[in-house]
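Notes follow once the structure below has been shown.
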């Protein structure tokens, strides 16, 4: 700990480790007059004064990226650096709040901020009222009362294993005859129970996955969308959020239509239809959903009260139904097929009896499955729960358990009491054993043979949707239960859809939906979202057919379940340290199984609907991938990317390098990348999607000033590269001088086999006026690159590379300081101490345009392959030519040769290039490369090096070294004479370039090499200046490391 003096410690500074006495209430005397960063405080901890603070909730609330200090925690500089006193400044320790004993704030956001008036407390629910009851009501929907008895009649309480196979073809399985309890030749399997248990298996696994995800950190509003998007990222989260919100809106229509069907049946029984059976459903449905909208707009408190009322009504209706099954049946009920519990009725209903277009196993499964989808009702209002991490797992799993029990009990009891077919007519009663009477009803004194054979029976499990009402002790209570189940489910979906959609709108992943994200009132109610859900629900209510609506949403819910399970599996498999759910009763493999089963069931239910659902997901996913929203939620996709990158990087280290897999991996000495955008664009063009590119930046200056800048500068320049769509890394190093910094980069940049093998840098335009030491550093960097076995690419533009307008003290002088706007090629260095820190504030939106961002047209790329460097001089132009912007350019290769052997040498080069398969067909031999240059050009070269001549009169080496002491860049007369032929060659090459390549898009030429220790830096720079001067096109001087980068062998 960073200790501070404690003069005369009070008695309680005893050093005992007691959490209740960690923070002292009085001011720390030793900390007075110190200025700490942020809101750090000086407190008495463990018996002495210290800047350090003990762990607290506030330090971790609203945490963002890695390494950013939390609220109230001292920074590393506060603990590590010397505290600077500030006169008159005193820090006070906040007094502990006696009302808060656990140290936790009442709210995470805005704690401690003064407000003019206290905001009204939003309504919050516990796990029973907020999750369990809500989920149970949503699961106990229209299917429970209106379709489960019918499904039991179709699939049978039990059936045949072959029956499930035959169900796919919509026919009765072999060996299962109506009225027979025997099933040949396979063992029985409960098909209705199998449908229920298959659905429950999917929902239970999904419930476990939801429990794990919801306990892995603080859950806010947004429900399913929030869980998936914060786990898998915005790409999949956004697409499934839209689909899930839409599915809930359609579910409102499904449950409302179920309610309307019940009301329509009541009206039909009393001959009081409004218009006709179909339009009555539409009229009642529209009126009902309008009333539900009014309840929702009244607020969550009223909605919760309505749900409690519905729950009590459903419980009473269940009790009423169970009581009714044991009451002896009246004659009217017997006419409708109810005979109380009978073993032979149970045996008959145990086997399936497929009827109608939906008469198949998966057809019935698609109708029943939406009744199991209510498990997300609690999670969907996660923002309205007191403690979502506790409420969602506990309430969801309890709801699944109790509703599963109720489904199994209901299907078994009603299947043991009611026949499949009954006429409902009291005139069909006969004496037991009457001739001509067929079917099980005959043994009970009822002849339903005629209506069964003509398929005109109005009652019985297969024909009468209101069978539960008929069985119950008091029919109106079942009707009330149907009303409660359908209306509560519709209300829950009507609330869930806008809540999920509101969170999606606030994240702004998609255009044109932000309008619906606005919240109103203390609970931030999405009123606009309610209206949108209302419109969608009405559109589907107009279909007025429950069996047509249910399969529509089945695929959407299954798609959501598949992604929730995959989220849990993916987060577990990535081994991210951030995946620490407090709910432990889950398995990544069961989550994967749940995801797989959900997808399989999607295609088994309705393959074309599954394809549509996947098509919508892929379309929305592609849109978010294209737009790349600026969000960072710490998703498992990020963890997976890290794992893959780490695994592949380590695996790459085990593979030996091969010429066929050579890639130009570039260390680009850009300084701040936004200062030299042309250099960044050029290298990024041929490395994009191909190889490694690292932008290196040497920060020079006082270490204390540069250390705070380095992190901020790194983030800013990385964002600038991303905004420019350059696939590159940025790295900076702190060094005393430029050359030592570049040496660090040459040795340390990269990872494993992903290390630079080429150094790319810009041409130093101001070398003649620059400080002599910077000239030595620049040429020394080229020597260092060759010493480390790197190739070199040196780019020169006529207008220069540095586009910075304000001189920066941190600008690498060897790369050229900020140039004057007049473009005269001279530069000026910033005065020492100016511009400090300006590199840390990089605006990614400020993007200068360069010539390498535009189409190059039908120009030429001229390659002057004068010396064999291993083929790098050929490879880089070839890679450029593969890019769209350079695709129309014709590549020409120029080589040196003798005038009397031009044809032979051209054929030899063409043959060699054809073996390399580069596609270069235009080859020119330069026979005049060894001619004497023009006198005026020679004279210009002499004038160029004149200021750097030592003029020693050809003295011996010892005398020259004594004269050149302190100025090694000077050129002695002997060195000028020894290198005269090479100097004249550069002059002549410049003349050739002006003759042949004046209008080229790019000139790539072999970089001359000056021998280290034998060629002064000023003479070498004069060669480069002479070689590339007066040329309008960009000039790229390339020199490989003399090792092959091209091969014509296949192994």
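Numbering (the working numbering), first residue to last: 256 to 1306. Don't be surprised by glycine CBs; every beta carbon is placed ideally from N, CA and C. Keep in mind that this is a model prediction, so the values were computed, not measured.
The residue from 1183, 1106, 785, 1295 with its alpha-carbon nearest to that of residue 754 is 785. Residue 1033 carries a helical assignment under DSSP once its states are collapsed to helix, strand and coil.
Sequence-distant partners of residue 685 (beyond 5 residues in either direction) whose C-beta falls short of 8 Å from its own C-beta, in its chain, are 692, 697, 700, 701, 702.
Just so you know, the alpha carbons of residue 674 and residue 583 end up roughly 15 Å apart. DSSP lists 950 as the bridge partner or partners of residue 985.
Here DSSP, grouped into helix, strand and coil, assigns residue 683 to helix. Between residue 823 and residue 650, the gap from beta carbon to beta carbon reaches 8 Å or more. Per DSSP, reduced to three states, the secondary structure at residue 760 is helical. Judged by DSSP secondary structure, residue 1106 falls outside any beta strand (DSSP E); it is assigned neither H nor E.
Around residue 532, the same chain offers 519, 523 as residues with beta carbons nearer than 8 Å, after the five sequence neighbours per side are excluded. In this structure, the CA atom of residue 791 is about 6 Å from the CA atom of residue 504. Per DSSP, reduced to three states, the secondary structure at residue 1235 is helical. Within its own chain, the residues whose Cβ lies closer than 8 Å to the Cβ of residue 798, once the five positions on either side in sequence are excluded, are 508, 512, 804, listed in chain order. Runs of alpha helix (DSSP H) with 4 or more residues, each lying fully within the segment 526-600, are found at 532-552, 555-581, 586-590, listed in chain order. Beta-carbon to beta-carbon, residue 629 and residue 393 are separated by about 3 Å, close enough to satisfy the 8 Å threshold. Contact between residue 983 and residue 1036 is ruled out by a C-beta separation of about 20 Å, above the 8 Å threshold. In this structure, DSSP gives residue 872 a helical state, which the three-state scheme calls helix. CA-CA distance, residue 1029 to residue 1003, rounds to 23 Å. Note that the C-beta distance between residue 819 and residue 479 is below 8 Å. The beta carbon of residue 1214 is closer than 8 Å to those of 1207 in its chain, skipping five residues each way along the sequence. Rounded to whole angstroms, the Cβ separation of residue 1130 and residue 1120 is 11 Å, and the two are not in contact under 8 Å. According to DSSP, residue pairing for residue 1119 in a beta bridge involves 1149, 1260.
Ranked by Cα distance from residue 464, the options 842, 402, 614, 1175 are led by 842. By the criterion of a C-beta distance shorter than 7 Å, residue 619 is surrounded in its chain by 406, 409, 410, 450, 613, once the five residues flanking it on both sides are discounted. Between residue 1111 and residue 1259, the alpha-carbon positions lie close to 15 Å from each other. Between residue 586 and residue 681 the beta-carbon gap is near 6 Å, inside 8 Å, which marks them as a contact.
Annotation for residue 921: the continuous beta strand (DSSP E) segment containing it runs 921-924. The secondary-structure analysis by DSSP pairs residue 1015 across a beta bridge with 923, 1048. Residue 470 is not a Cβ neighbour of residue 745, given a cutoff of 8 Å. A Cβ-Cβ separation of about 7 Å places residue 639 in contact with residue 385 under the 8 Å criterion. Residues 922, 1011, 1014, 1039, 1040, 1043, 1045 of the same chain have their beta carbon placed closer than 8 Å to that of residue 1001, with the five preceding and five following residues left out of the count. In this structure, DSSP gives residue 640 an extended state, which the three-state scheme calls strand. Taken through DSSP and simplified to helix, strand or coil, residue 768 comes out as coil. DSSP places residue 1161 in the helix class (H, G or I) of the three-state scheme.
With a threshold of 16 other beta carbon atoms within 10 Å, residue 1117 meets it and is buried.
In chain order, 782, 785 place their CB closer than 7 Å to the CB of residue 552, counting only its own chain and leaving out the 5 sequence neighbours on each side.
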